[in-house]
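First up is the structure itself, then whatever we jot down about it.
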Amino acid sequence: MCGICGVATPGPPPDAALLLRMVGRLRHRGPDGSGYLRDQGVGLGHARLAIIDTTGGAQPLSNEDGSLWIVFNGEIFNYVELGNELRSRGHAFRTASDTEVIVHAWEEWGERALDRFNGQWAFALWDRTRRQLVLSRDRLGVRPLYYAHTGGGLVFASEVKALFADPSVPRALDPAGLDETFTYWSTVAPRTPFAGVRQLEPGHVAYLDAHGFRSHPYWSIDFPPRGEEPGQDAVANAEGLRERIVEASRLRFTRSDVPVGAYLSGGIDSSVTAAVVARHTDVPLDTFSLRFADDEFDEGDYQQLMARRLGTRHHDVVVGPQDVAEVFPEVVRHAEAPLLRAAPAPLFLLSRLVRASGYKVVVTGEGADEVLGGYDLYREARVREFWTRDPSSDVRGRAAELLYPWMARAPGQAPAFARGFFGLHLAADDPALSHRPRWTSTAALKGLLTADMRARCAESGAPLDLLARLPAQSAGWDPLARAQWLEMTTLLPGYILSSQGDRMLMANSIEGRFPFLDRDVVAYADALPARHKLSGLEEKYLLKRAFADLLPPEIVRRPKQPYRAPDAASFCAPGAPDWVSDVTGADALAAAGVFEPRLVQGLLTKARRSGGSGLGNTDNMRVLAVLSTQLLHHQFVVGDGGDDAAPATPLTAIDLTGEGQP
Amino acid sequence: MPSRPPDAPTAPHRVDAVLDEFYALRTPSGDPVLDAIATAIFVEDAFGVTLSDAEIDPAHLAGRDAVRHLLTRHLA
Amino acid sequence: MVEQVQSRIMGFIVSNYLFGDESRAPEPDESLLESGIVDSTGILELIQFLESDFALEVKDSETVPDNLGSVANLTRFVLERSPDAEPAS
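Residue numbers (my numbering), protein chains in the order written: chain A, 1 to 662; chain B, 1 to 76; chain C, 1 to 89.
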C-alpha cells in the first residue's frame, strides 16, 4: 500500500520542495521509501509501503520507453495473470511489481484495462505523449483519492493533509459537506467535508489535459431485475459463492512478498476469511482481535473459539474508554472527516498492534455485510416493506420484536415505540424505504447547528438528492438491491472503508485486503436472488450455508452483533482528557461557527450527568459529531492538517524537465 | 404481467425447492406467533404474495405442510 | 393543574431533548417520534422522568404512543394515573 500525490500546473514545472512536503505528509502510508518526478506541466509523488517486489518496485515507475509514468496506491491481485498475458503480447517488464502491470495494461487496452483489474487502487498516470494526466479509483472506494482545482491547475493526493501542504489550497469546512454528513453519515463523493476539495468517485476515471478536466464511471453497481436472477438454486449458488470467496482470499493472502495476517472480530465474515487463508499456509497464521474492557462490546469468547479452532497465533488488544479518548484526536486527523461513532478509534489501536507485531498486511472481512445482505438495516427494511402491505395491522406490527429480540423482553424497553420509530415515513413506493429511519434520526444532528450554518447549508443546495443518482433500471430491482445500492454508495465508501478502514489501517502503515470486495465476488453476489442474501430475516443466508463446515455452530448461530465501541462514555466521564473541554470551549465553538454553543453545553451537561453511559443513540451521535467536527476544524482549518515528516528513504528523484516529449 | 422466468420461485416445480431453502437455515424465536410472522415475511418476499392477518398465524404457518397448503391457494 | 403538569413535561422535553432550544418546542399534539424529537432509545429517558418526577410506575404495556407519544398524551396519562398529581419536586 502507499500514498500518492501530485500537481498539474500550466506554468513552470512544479516546485520540488512542494512535492517533497506532500510526500512527507503521507509518510505513514509509505514508510519504506519515496519518490517524485518533475516534468513540464506535472509533478508526481509517492510514499511507499513495500509489499510486492520489495526490491524492484520503486515509484514513480514507467513503461519501456518512458512515455507513461505512474504513481499507484493499492494492489492488483491478478497481476500475475495480466502480466503473463501482456508479455505474450510483446510487452517488456523490468520489475516483478503489480505497478508495472498497470502501465503496460494501459498501453495495451487503454481505459478498458480497468475492467481487467481485480484489486484496490488509486493511481495517477502521466502520459507524456498526450500531455494527459489520468486518475482512477477502484470500483467501491477502498483506496482514497482527493483533488482540488488551483489557479488553472490541479493538485491531488491520497489524503487531504497532503493537499493542504500546498498553501494555495484554501482550507474551510463545507456547509454542504456537513449537511451530507449529518444525513448520510458521510459526504457522498465527489463531495468531501472541505470546501473546494473533491474526491474522485469510486469506479471512476478522470482525465486532465488541454481540453480540461472530466471524469466518468468505468463501472457501476448493478443488479438484475427482481425474479430474473440467472441462478435460482441455493446449493449451486452456495458452491459458486464459496469458490469465488476462496479464490479471492487465496489471492489476497498469497500475493505478497511479506507475511500476511488476518483480523478476527468474532463474527462470521472474518471467521470465514481467516479460516480460508489458514488453509494456504504451513506455518501458523497470525490473527489479530480487538477486545473491550466493557462486556457490552467485547466479543472475546467468539474470537478465542475461532483462533483455537484454526490453531492461529492469536494477538489481541484490550480497549477501554480512556484509550479511545486518548487517541481520538489522532484518529480524526487520519479519518479527515466528522465521525458519528467512536468505533474507528479501537481499530486504530488494533492496527497499531499489527505493526508492533511486525506485520504490514492483514486480510479482513469488510464488505460482506453490504454485498451479502448482513446489515440490520436490511432486516429493518424488510420489516418496513412487510408493514407497507397493511400499515394498521397489529399482528404485522409485532415484527419489530424480531428485529431486536431483547427489546421485547427487557423491562422498560418499549416495543411499541420501536414499532413507531421503524414505522415512520412508510410509503410503499419510496425507493429509500430502507434508509429513511437512519437518515431521519441522523438529521436530528442538524438541530445543533447555528442559524448561520443552517442558512449556509440551505444556500449550498443541500440536502443532496441522492435518489436522483439511482440508476433508472433500479425501479425493477428487488428492494434489497436498492437498499444495497444506497449502502454501497454511502456508508461503505464514506465510512466503513475510509474512516474505519483504509485510514485506521494506514495510520499505522498497514495494508488491508478485503476478499469480500473482490471483483468476481461482488459480481457474483450482486446477481444473486435477494432471498439468498436475506432469507426472510436471516441475514447472509448463502454465506452461512456456503461455509457452515468451516465455522463453529456458535458463530453461525450468534445474532448479528454490529461492531460497536464505547461512544460518549469515552469523553463524558470524569477524567476525560483536556482536549475535550478545549475543543468545546466558547472560543473554539465560535471559531468554527458550526454548532450553537448553548446547545453544545446543554448536550454535554446531560451527557456528563451519567458519565456518558446510558445515552440514547442520537445523543451519542451528537457528542461524537461535535467533538470530531471541532477537532477537524482545529486540525485542518486553523492548522493545516500537517504533521510534517521527511519523506522516507530511499528517495528516488526523477527529473524530466530537461527532456523533450518522446 | 410479464411471463415468469422458468426458474422463478412461483413456478410449480420450484415452490418446494424454495421452501426447502427457508427450512434449511433459520433461527426459531421460541415464540410460535413470532415464528409465524418470520415465516410470513419470508413467504411474502420470496413468492410475491400478500397474506391476510388471519393467515399470519401459527394455524397457517407452523410447519412446512401448512405453509405449502397456504401457498398452493395463493399461487393458484 | 393541567397547565402545571403540561408545562413541567414541556420543560423536560425542551431541556432534555432540545438542550434548551425553545424555538423547536413541539406543539402539545405533535408526535414526538415523528418530529424526530425522541428516538427509539430516547423514550427510556421519558419513562424515567415520569417515574421519578411524578412518582408513577409505568408498566411495559403502557409504553405506547397513546400514553407517551405527545406532550398532550403525556399530560393526560399523568393526570389519569394520579388525579391530584403534584410534581414530586
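Idealized CB from N, CA, C, for every residue including glycine.
With His435 (chain A) as the anchor, note down where its beta strand (DSSP E) starts and where it stops. Segment: none, His435 (chain A) is in no beta strand (DSSP E) and carries neither H nor E.
Of the residues A:Leu534, A:Ala113, A:Ala307, the one placed nearest Ala275 (chain A), counting alpha carbons only: Of A:Leu534, A:Ala113, A:Ala307, the smallest CA-CA separation from Ala275 (chain A) is found for A:Ala307.
Distance, Cα to Cα, Pro552 (chain A) vs Glu299 (chain A)? Each residue's alpha carbon lies about 15 Å from the other.
If Val5 (chain C) sits next to Thr75 (chain C), beta carbons under 8 Å apart, how far is it from one beta carbon to the other, in whole angstroms? Between the beta-carbon of Val5 (chain C) and that of Thr75 (chain C) there is about 5 Å, and that keeps the pair under the 8 Å contact cut.
Should Gly151 (chain A) be flagged as near chain C, meaning a C-beta pair shorter than 8 Å? Look at Gly151 (chain A): its C-beta is not under 8 Å from any C-beta on chain C.
Stretch pair the region 417-425 of chain A + the region 140-153 of chain A: three plus CB contacts closer than 8 Å: Between the region 417-425 of chain A and the region 140-153 of chain A there are fewer than three inter-stretch CB-CB distances shorter than 8 Å, so the stretches are not counted as touching.
Any C-beta of chain C under 8 Å from that of Ser664 (chain A): Since the first and last residues shown for chain A are 1 and 662, residue 664 (chain A) lies out of range.
Can you tell me whether Leu154 (chain A) is buried or exposed, with buried defined as 16 or more other CB within 10 angstroms of its CB? Classification of Leu154 (chain A): buried, given that the 10 Å Cβ count is 16 or more.
Can you give me the C-alpha to C-alpha distance between Arg609 (chain A) and Val38 (chain C), rounded to a whole angstrom? Looking at the two C-alpha atoms, the distance is approximately 19 Å.
For Thr629 (chain A), would you say it is in contact with chain C, using Cβ-to-Cβ distances shorter than 8 Å as the test? Interface with chain C (8 Å Cβ-Cβ cutoff): Thr629 (chain A) is excluded.
Which two residues bound the contiguous alpha helix (DSSP H) that contains Glu487 (chain A)? DSSP places Glu487 (chain A) inside the alpha helix (DSSP H), whose first and last residues are 479-489.
In or out: Asp567 (chain A) buried (at least 16 other Cβ within 10 Å) or exposed? Burial check for Asp567 (chain A): the Cβ neighbour count within 10 Å reaches 16 or more, so the residue is buried.
Residues that DSSP places opposite Gln120 (chain A) in a beta bridge: A:Glu75.
Could you give the residue range of the beta strand (DSSP E) that holds Gln132 (chain A)? Its beta strand (DSSP E) spans residues 132-137.
Using DSSP bridges, identify the partner residues of Glu3 (chain C). DSSP output for Glu3 (chain C) lists no bridge partner at all.
With a threshold of 8 Å between beta-carbons, can Pro411 (chain A) be considered close to chain C, or not? Any reading at Pro411 (chain A) is ruled out, since the residue's pLDDT is 34, under 50, leaving its predicted position unreliable.
What are the start and end residues of each continuous beta strand (DSSP E) run of 3 or more residues lying completely inside the region 442-484 of chain A, in chain order? Entirely contained in the region 442-484 of chain A, not one beta strand (DSSP E) run reaches 3 residues.
Using a Cβ cut-off of 8 Å, pull out every chain A residue sitting near Val15 (chain B), in sequence order please. In chain order: nothing, as chain A lies at least about 12 Å away.
Using a Cβ-Cβ cut-off of less than 8 Å, list which residues of the region 13-27 of chain C approach chain A; keep chain order. Interface annotation for the region 13-27 of chain C against chain A: Ser15, Asn16, Leu18, Phe19, Gly20, Asp21, Arg24, criterion Cβ-Cβ distance under 8 Å.
Please list, in chain order, all residues of the same chain as Asp66 (chain C) whose beta carbon is under 7 Å from its beta carbon, the five residues on each side excluded. Around Asp66 (chain C), the same chain offers Asn73 as residues with beta carbons nearer than 7 Å, after the five sequence neighbours per side are excluded.
Which residues of chain A have a Cβ atom closer than 9 Å to the Cβ of Val33 (chain B), listed in chain order? Those are Val395, Arg398, listed as they occur along chain A.
Residues of chain A with a CB under 7 Å from the CB of Ser40 (chain C): which are they? Correct list: Phe417, Ala418, Phe421.
Determine the chain C residues that contact Thr666 (chain A) at a beta-carbon separation under 8 Å, and present them in chain order. The question about residue 666 (chain A) has no answer, for chain A in this structure spans 1 to 662.
In the DSSP assignment, find the beta strand (DSSP E) that holds Phe47 (chain B) and state where it starts and stops. Under the DSSP assignment, Phe47 (chain B) falls outside any beta strand (DSSP E), being part of the alpha helix (DSSP H) whose first and last residues are 32-47.
Is Gly664 (chain A) helix, strand or coil when you go by DSSP? Residue 664 (chain A) is absent from the model: chain A starts at 1 and stops at 662.
Segments assigned alpha helix (DSSP H), at least 4 residues, entirely inside the region 497-540 of chain A: Those alpha helix (DSSP H) runs which fall completely within the region 497-540 of chain A and span 4+ residues are 503-506, 519-526.
Local conformation of Gln664 (chain A) per DSSP, three classes: Residue 664 (chain A) lies beyond the residue range present for chain A, which begins at 1 and ends at 662; the question has no answer from this structure.
Under a three-way DSSP split, which group does Gln59 (chain A) fall into? Residue state, collapsed to three classes: coil.
Given that a residue counts as buried once 16 or more other Cβ atoms are within 10 Å of its Cβ, and exposed if not, what is Val383 (chain A)? Answer is buried; the Cβ neighbour count reaches 16.
Looking only at C-alpha atoms, which of A:Leu426, A:Gly227, A:Arg436, A:Glu538 sits nearest to Leu466 (chain A)? Residue A:Arg436 is the option with its Cα nearest to Leu466 (chain A).
Where does Glu57 (chain C) land, buried or exposed, given buried means 16+ other C-beta within 10 angstroms? Burial check for Glu57 (chain C): the Cβ neighbour count within 10 Å stays below 16, so the residue is exposed.
For Ile70 (chain A), does the three-state DSSP call read helix, strand or coil? DSSP places Ile70 (chain A) within a strand segment (E or B) once states are collapsed to three.
Taking C-beta to C-beta, are Val260 (chain A) and Trp126 (chain A) nearer than 8 Å? In this structure, Trp126 (chain A) does not lie closer than 8 Å to Val260 (chain A) by Cβ.
Cβ of Leu157 (chain B) within 8 Å of any chain A Cβ: In the structure as shown, chain B begins at 1 and stops at 76. Residue 157 (chain B) is therefore absent and cannot be evaluated.
Looking only at its own chain, which residues have a Cβ that is under 7 Å from the Cβ of Ala569 (chain A), when we skip the five neighbours before and after it? Result list for Ala569 (chain A): Pro321, Gly611, Gly612, Ser613, in chain order.
Cβ-based contacts, 9 Å cut-off: residues of the region 169-198 of chain A near chain C: So the list is empty, because no residue satisfies the distance condition.
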